[in-house]
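Asks: Protein chains in written order, with the working numbering: chain A, 1 to 300; chain B, 1 to 254.
All residues carry an ideal CB built from backbone N, CA and C; glycine is no exception.
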Amino acid sequence: MDLSVDIAGVTLKNPVMTASGTFGSGEEYSEFVDLNRLGAVVTKGVANVPWPGNPTPRIAETYGGMLNAIGLQNPGIDVFVRRDLPFLKQFDTKVVVNVCGRITEDYVEVVERLSEEPVDLLEINISCPNVKEGGIAFGQSAKAAEAITRAVKEKARQPVIMKLSPNVTDIAEMARAVEAGGADAVSLINTLTGMKIDIHRRTFALANKTGGLSGPAVRPVAVRMVYQAAQAVKIPVIGMGGIRSAEDALEFILAGAAAVSVGTANFHNPYVTLEIVDGIRAYMEQYGVQDVRELVGAVK
Amino acid sequence: MKRKESAKVLSQECLAPGIFSMWLLTGIGDEAVPGQFVSLYSRDGSRLLPRPISLCEIGEGRIRLVYRVAGAGTAEFSALRAGDSVEVLGPLGNGFPLKEAEGKRVFLIGGGIGVPPMVETAKRIPGEKILVMGYRDSQMFLKEELEQTGPFFAATEDGSFGTRGNVLDAVRENDLSADLIFACGPAPMLRAVKAYAKEQGIPAWISMEERMACGIGACLGCVCGSKEVDGHSHVKNKRICKDGPVFPAEEVEL
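#1: If the criterion is Cβ atoms closer than 7 Å, does the pair B:Val106 and B:Leu180 meet it?
#2: Along the region 26-53 of chain A, where does the CB come closer than 9 Å to a CB of chain B? Name the residues.
#3: Shorter than 7 Å from the beta carbon of B:Asn237 to some beta carbon of chain A?
#4: Looking at C-alpha atoms only, which residue of A:Lys13, A:Ala8 and A:Val110 is the closest neighbour of A:Asp291?
#5: To which residues of the same chain is A:Val226 closer than 7 Å at the C-beta, ignoring the five residues directly before and after it?
#6: What three-state label does DSSP hand B:Phe153 in the structure shown?
#7: Work out the CA separation of A:Asp2 and A:Thr56 for me, nearest whole Å.
#8: Quick one, are the C-beta atoms of A:Ala207 and A:Ile171 less than 7 Å apart?
#9: Looking at chain B, which residues of the region 59-77 of chain A have a Cβ within less than 8 Å of any of its Cβ atoms?
#10: So which residues on chain A does B:Lys2 lean against when the C-beta distance must stay under 8 Å?
#11: Taking B:Leu24 as the reference, give the member of B:Ile216, B:Leu55 and B:Ser46 with the closest Cα.
#12: Which residues in chain A sit within 7 Å of B:Val246, going by Cβ to Cβ distance?
#13: Three-state secondary structure (DSSP) at A:Gly194?
#14: Does DSSP put B:Ser130 in a helix, a strand or coil?
#15: If the criterion is Cβ atoms closer than 7 Å, does the pair A:Lys163 and A:Ser115 meet it?
#16: Classify B:Gly185 as buried or exposed, calling it buried when 16 or more other Cβ atoms lie within 10 Å of its own Cβ.
#17: Have a look at B:Gly90 and A:Glu154 and give me their C-alpha separation to the nearest angstrom.
#18: Here's the rule I'm using: 16 or more other beta-carbon atoms within 10 Å means buried, otherwise exposed. How should A:Ile235 be labelled?
#19: According to DSSP, is B:Val193 part of a helix, a strand, or is it coil?
#20: Shortest alpha-carbon distance to A:Asp84 belongs to which of B:His232, B:Val252, B:Pro245 and B:Val246?
#21: Can you find a CB in chain B that lies within less than 7 Å of the CB of A:Thr306?
#22: From which residue to which residue does the beta strand (DSSP E) around A:Thr210 run?
#23: How would you call A:Arg202, buried or exposed, if buried means at least 16 neighbouring beta carbons within 10 angstroms?
#24: Exposed or buried, B:Glu255, counting other C-beta atoms within 10 Å across all chains shown (16 or more means buried)?
#25: Return the CA-CA distance between B:Val280 and A:Arg293, expressed in angstroms with no decimal places.
#26: Checking contacts by CB at 7 Å: is A:Val81 closer than that to chain B?
#27: Of all the residues that make up the region 204-219 of chain B, which are near chain A by a beta-carbon distance shorter than 8 Å?
#28: For A:Thr11, does the count of other Cβ atoms within 10 angstroms reach 16, so buried, or fall short, so exposed?
#29: For B:Gly29, return the contacting residues in chain A, with the cut-off set at a CB-CB distance below 9 Å.
#30: Exposed or buried, which one is A:Val299 when buried takes at least 16 other CB atoms within 10 Å?
#31: How close, in whole Å, do the beta carbons of B:Ala204 and B:Ala197 come, if the pair is a contact with beta carbons under 8 Å?
#32: Determine the direct distance from the alpha carbon of B:Glu76 to that of B:Arg136, and round the result to whole angstroms.
#33: Using CA atoms only, rank isn't needed, just tell me which of B:Gly201, B:Leu254 and B:Ile202 is closest to B:Ser226.
#34: In whole angstroms, give me the CA-to-CA distance for B:Gly221 and A:Gly212.
#35: Look at the Cβ atom of A:Ala265, then the Cβ atom of A:Val272, and state whether they are nearer than 7 Å.
#36: Just list the alpha helix (DSSP H) runs in the region 101-185 of chain A, keeping only unbroken ones of 4 residues or longer that don't cross its boundaries, in chain order.
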């Protein structure tokens with residue numbers, strides 16, 4: 001039975017990756033999960049310099065999901081390369097570095113810094129709803145998305161995944177725009193912009209007022225968007241949004257995702273990623289599927 | 001070693017309105033120190049995030065959690081009965097630095113739901129300690145346990161027992177003094193403790209609280225501003241769940 005998948009020429013041993021921002025650089029979860037068994041670890045967003053992130057509270061639970069407004073706190077590329085990357089390279093898994101920035105030059109700087117580093121794929125975050133500049137500003141205009149993809153691709157030595165925002169009118173248009181810009185793959189969905197009010201304190205639950213909604217509550221939206229993106233482009237689509245079981249992951253794969261990312265579910269169950277790998281294998285056994293790639297986009 | 005497991009509930013007791021005590025059969029606490037916490041998970045799939053709850057007492061192969069019902073998640077825990085089971089992850093965080101207490105007279109200061117971790121802390125400090133606890137009213141949960149470990153003073157908001165006011169009012173009214181403080185409680189209390197420690201020129205270690213998601217230091221949801229650059233992001237944001245929850249008072253912003 002073959003669980004391996006191919007993303008832009010990079011072979012993952014199975015289609016299960018972590019979702020950026022929920023898994024750090026793997027160190028904290030390595031106490032629970034054998035990282036060698038993951039298809040890939042996708043790191044938390046890394047910028048050219050350290051970012052302090054947003055004020056607290058940064059987290060609020062919602063029905064079947066959560067809002068976060070971390071604001072991309074990260075140690076910057078220097079510390080990442082010196083400390084986090086060597087940690088990840090101890091494991092036999094693919095390393096996907098999520099890159100964030102305020103302006104195009106920030107993204108390009110990080111991508112250039114990674115050009116000689118042992119990184120398998122780059123995921124460009126143009127969809128974070130929690131930072132004022134950069135992030136989603138690039139992810140809500142097809143023109144801007146195409147332009148930044150082009151700028152990044154010009155310097156990138158690794159294949160580039162563009163991470164798309166669901167906070168758009170037409171996801172297919174966004175997927176086509178980054179494909180036109182030269183993206184090697186797309187990943188979606190980032191979080192949906194949301195808000196929660198604390199009725200007892202009569203204030204916003206998050207200091208940032210708005211936050212990104214994730215968790216099982218967003219999954220049907222994510223499956224729909226992954227399907228639409230997969231229909232719109234020829235490059236591989238990586239699906240994410242509320243996955244917490246193999247069944248959930250398989251929905252995305254059947255909708256057209258070549259691989260999936262698991263995010264918020266890690267907070268509920270630190271072992272969940274490996275349970276999903278095992279569950280996909282069990283499903284393939286049950287239905288006599290020899291190669292997981294047979295399932296990708298099988299539902300038209 | 002942190003782990004998540006299903007723990008059997010040994011007992012559940014209501015100590016005061018909205019305050020519950022639950023013993024769990026689990027070895028998660030065997031290596032733990034007071035001031036550390038565990039994450040408890042709801043059975044209801046609509047509630048994804050674990051609830052961080054401090055260790056009140058650590059027995060062999062069992063732990064005691066004393067917690068306040070603050071919403072639907074903790075209400076669910078309070079309805080668990082002996083024989084039920086609950087998912088628990090731990091031990092988490094750093095705990096109080098008990099070594100610092102050696103040879104010193106220590107204030108153990110707890111306020112509200114910050115009282116419970118002081119029970120195990122008091123038991124583990126063999127030397128001189130003075131317990132100063134703040135409550136809303138005369139429903140002074142864990143008073144008996146604490147009184148067994150050393151001199152006990154209380155402050156109540158409504159003045160129904162001990163000193164009317166806060167824990168520092170009790171310290172002053174009783175003319176108490178110490179060389180070191182371990183404290184856990186609401187932010188206003190911790191602010192006052194920090195100021196008092198500075199004024200007295202004594203070190204204070206305080207246990208902080210914030211909304212958490214992962215509980216293990218990965219998501220960066222529960223940070224607090226710090227004086228020094230933190231080891232993770234190299235900004236000035238310490239992770240309460242991993243670098244804390246216990247910090248030197250002068251190190252963190254409140």
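Replies: The structure says:
#1: yes
#2: Gly26, Glu27, Glu28, Tyr29, Glu31, Phe32, Lys44, Pro50, Trp51, Pro52 and Gly53
#3: yes
#4: A:Lys13
#5: Leu188, Val237, Gly239, Phe252, Ala255, Gly256 and Ala257
#6: strand
#7: 44 Å
#8: no
#9: Ile59, Ala60, Glu61, Tyr63, Gly64, Gly65, Met66, Asn68, Ile70, Gln73, Asn74, Pro75 and Gly76
#10: Glu31 and Phe32
#11: B:Leu55
#12: Chain A residues near B:Val246: none, gap ~18 Å exceeds 7 Å.
#13: strand
#14: For the sequence presented, residue 130 of chain B should be read as Ile rather than Ser. Residue state, collapsed to three classes: strand.
#15: no
#16: buried
#17: 46 Å
#18: buried
#19: helix
#20: B:His232
#21: Outside the shown range of chain A (1 to 300) lies residue 306 of chain A, about which nothing can therefore be said.
#22: Thr210 to Ser214
#23: exposed
#24: This structure leaves residue 255 of chain B out entirely; chain B is present only between 1 and 254.
#25: The shown model of chain B, from 1 to 254, leaves out residue 280 of chain B, and the question about it has no answer.
#26: no
#27: Glu210, Arg211, Met212, Ala213, Cys214, Gly215, Ile216, Gly217, Ala218 and Cys219
#28: exposed
#29: Within 9 Å Cβ-Cβ: nothing; B:Gly29 doesn't reach chain A, min ~17 Å.
#30: exposed
#31: 4 Å
#32: 24 Å
#33: B:Leu254
#34: 13 Å
#35: yes
#36: 104-113, 136-139, 142-155 and 171-180
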